[in-house]
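Those protein sequences? They're chains H and A, same order as listed. Numbering of the first sequence is given in the working numbering, commencing with residue 1 and proceeding in unit increments. Numbering of the second sequence is given in the working numbering, commencing with residue 1001 and proceeding in unit increments.
Number of protein chains: 2
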Amino acid sequence: MEKIEGIKVIAFDADDTLWVNEPYFQEIENKFCEMMEVYHPRHTVSRELLGREIRNLEDYGYGIKSFMLSMIETAIDISDSTIKVEVIERIIQYGKEMLHKPIELLDGVENVLGQVSKQFRVVMATKGDLLDQERKLIKSGLEKYFHHIEILSDKKEINYQKLIRHLDINPGQFLMIGNSLKSDVLPVLNLGGWACHVPFHTTWEHEKIDYSIENQKFRQFTSISDLLEII
Amino acid sequence: MEKIEGIKVIAFDADDTLWVNEPYFQEIENKFCEMMEVYHPRHTVSRELLGREIRNLEDYGYGIKSFMLSMIETAIDISDSTIKVEVIERIIQYGKEMLHKPIELLDGVENVLGQVSKQFRVVMATKGDLLDQERKLIKSGLEKYFHHIEILSDKKEINYQKLIRHLDINPGQFLMIGNSLKSDVLPVLNLGGWACHVPFHTTWEHEKIDYSIENQKFRQFTSISDLLEII
C-alpha cells in the first residue's frame, strides 16, 4: 500500500473500530423483536424500529439513550398503545445493561495506538453519547494514547470541517480511520483529508453504502495493523 | 469590581446563562407531577423524580433524553408498574416538545459576546446532550461569537482540568462564567482559574449550594453585562 504523507493528526473512530459495539445493539434488537413477535414478525418489527431510529436521529442523535427511546416508541406504536408496562421496563433494563457492557478491544488496536501516538497527535472522533463514550474509553485502558476525545453530533462534512478547524490544521494533515465508509471515510475524502477503512464484520443498516471508492487519499485495510506500514 | 488579569479564554455556560432553560424543565416537571397526582401528592412525585434523576446521572448523564427516561422510570415505579401507556406517550411527547422549544436569550448576552469575542478566545462550555446544545447554539444566532463548543459530561474539577489542558492554556488564563456556583464556579476556582457567577432566578435542586465563596479570582455579578467592566 502506498504511504500516507504530511499528516499531523490521526483520528480514530471508536465503536467497531477500537472495540466491539454493533453486535451489542443487534443482540438487544433481537431480544426486542422477540418480545414484539406477538404483534408482528421479527423482520417487520426490525424494519419499524430502524425507521423510527432514523426519524428520531434529528431529535435524539446517536447512542444508547436514543436507542432506548426508539424501542419504547416502536413498542407503543406497533402495539397500538396496548403494550404492557413490563415490556417497557424490560427495554429500560436492556438499555442499562448495554451501558455497563465490558469493553472488548479489537485485534491489534492497542499496539497500533501505542506506536502512532509516539509520532502523531491522536484523537478519538466518534458519535454517540459523550458520557457513554468517555466511560468506554476509560474502561478500555486506551485513554493514555489520546490527546483528547471529539464527540461529533453527526459525521457529515460540516462536522469534520469544524473538527479540522478546531484542531488548527488543514484537511491534508488529517487522517481518519474507521469502519464506516459512509461516516468515517467519504466525508473526510470530500474535504481533502486522508481516510482508511478498517472493515468490521457487521455494519448498522443506516451506515451501509453500495459503491466503491476511488481516491488517492483513500486506503482500504484488512486490519487496523495495516496502518503501521503506511505512515 | 476589581479587574481580571491575564486571561486568554473565556468560557460561557449555556443553559440559564446565555438562554432560558431550567423553567422549561420545571414546566414539564409540573405537568408530570400533575399526571401522577392520582398516585401521590405533587411534592412526593417531584422528590421521587429528583432522586431518580440523580441516581441515573452516572448512567445517563445530563440532558433532555435522560430527563425523559427518568420520568418514564419514575412513572413506572410510583404506579407499581400499573401506569397507562398514554402517560408514557405523553412523557415522550413532552420531551420532544422540549427539544423544539424556541431559544430565549437572556438580557445583555449578545452585546457581551460581541464585545469579548473581539479580544479573547470565547468557547461555550456546557453539560447536556451534544446534539441538543449544538441545535440551541445555532437557533440562538450566537454561533459566530464562539471559537467552538465544549460539551462536558460533568462539570467537576477533572472535567475542567481536561478542558484547560485541551485549550493549551494554564488555569490562570481561564475564565468561566455561569449561573451555577456548584458547576461553573467552585471547580474552576479550585483549579486556580477565574470564575464569575451570574445568578438566574431559578436553579435546579441538584445545583444548589448553601455557603458563600471567598476567593480573589471570584466575581459575583448581578448581570452578565458586568463582565464588560472587569476585563
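C-beta atoms are modelled at their ideal positions from N, C-alpha and C, and glycine is treated no differently.
- The stretch 1079–1142 of chain A contains, as complete alpha helix (DSSP H) runs of 4+ residues, the segments 1085–1099, 1109–1119 and 1130–1140 (chain order).
- Closest in C-alpha terms to residue 1198 of chain A, from the list A:1189, A:1205, A:1180 and A:1187, comes A:1180.
- Of all residues in the stretch 1110–1130 of chain A, only 1129 and 1130 place a beta-carbon less than 7 Å from a beta-carbon of chain H.
- Excluding residues up to 5 positions away in sequence, 18 and 224 lie with their Cβ nearer than 7 Å to the Cβ of residue 109 of chain H in the same chain.
- Nearest neighbour of residue 74 of chain H by Cα position, chosen from A:1191, A:1029, A:1089 and A:1070, turns out to be A:1089.
- Proximity to residue 1065 of chain A across H:146, H:151 and H:131 peaks at H:131, based on C-alpha coordinates.
- Check the Cα spacing between residue 1013 of chain A and each of A:1229, A:1210 and A:1142: the tightest is with A:1142.
- With 16 or more other Cβ atoms from the protein chains shown falling within 10 Å of its own Cβ, residue 1186 of chain A counts as buried.
- In the structure shown, residue 210 of chain H falls within a coil segment according to DSSP collapsed to helix, strand and coil.
- Restricted to the stretch 165–194 of chain H, the beta strand (DSSP E) segments that are unbroken, complete and at least 3 residues in length are 174–178, listed in chain order.
- Taking C-beta atoms under 8 Å as the contact rule, residue 1152 of chain A and residue 1125 of chain A qualify, at a distance of about 6 Å.
- Secondary structure at residue 1072 of chain A: helix, using DSSP grouped into helix, strand and coil.
- Contact annotation: residue 1228 of chain A and residue 1133 of chain A have beta-carbon atoms that are not nearer than 8 Å.
- In the DSSP annotation of this structure, the continuous segment of the alpha helix (DSSP H) that includes residue 54 of chain H starts and ends at 42–60.
- The shortest CA-to-CA distance from residue 62 of chain H to any of H:147, H:81, H:204 and H:146 is the one to H:204.
- By the criterion of a C-beta distance shorter than 7 Å, residue 113 of chain H is surrounded in its chain by 122, 142 and 145, once the five residues flanking it on both sides are discounted.
- Cβ neighbours of residue 120 of chain H within its own chain (closer than 6 Å, five residues either side excluded): 10.
- Per DSSP, the unbroken alpha helix (DSSP H) holding residue 1034 of chain A starts and ends at 1022–1035.
- Its chain contains 104 as the residues whose beta carbon lies nearer than 6 Å to that of residue 20 of chain H, once the 5 sequence neighbours on both sides are disregarded; these appear in chain order.
- In this structure, residue 1078 of chain A lies away from residue 1097 of chain A, with their beta-carbon atoms at least 8 Å apart.
- With fewer than 16 other Cβ atoms from the protein chains shown falling within 10 Å of its own Cβ, residue 1084 of chain A counts as exposed.
- Under a 10 Å Cβ-count criterion, residue 1051 of chain A is classified as exposed, with fewer than 16 other Cβ atoms of the shown protein chains found around its own Cβ.
- Sixteen is the threshold: since fewer than 16 other Cβ atoms of the shown chains lie within 10 Å of the Cβ of residue 80 of chain H, the residue is exposed.
- The three-state secondary structure of residue 161 of chain H, taken from DSSP, is helix.
- Check the Cα spacing between residue 1127 of chain A and each of A:1149, A:1107, A:1140 and A:1106: the tightest is with A:1149.
- DSSP lists H:123 and H:176 as the bridge partner or partners of residue 11 of chain H.
- Taking 8 Å as the cut-off between beta carbons, none of the residues of the stretch 42–56 of chain H comes near chain A.
- When beta bridges are read from the DSSP output, residue 1019 of chain A appears opposite A:1015 and A:1105.
- As DSSP reads the structure, residue 221 of chain H sits in no beta bridge.
- Under DSSP, residue 230 of chain H takes part in no beta bridge, so it has no partner.
- In the displayed model, residue 205 of chain H falls within a helix according to three-state DSSP.
- With a threshold of 16 other beta carbon atoms within 10 Å, residue 1001 of chain A falls short and is exposed.
- For residue 1150 of chain A, the beta-bridge partners assigned by DSSP are A:1125.
- Between residue 219 of chain H and residue 230 of chain H, the gap from beta carbon to beta carbon is short of 8 Å.
- Residues 1223 of the same chain have their beta carbon placed closer than 7 Å to that of residue 1107 of chain A, with the five preceding and five following residues left out of the count.
- Distance from the CA atom of residue 1201 of chain A to the CA atom of residue 1177 of chain A, rounded to whole angstroms, is 16 Å.
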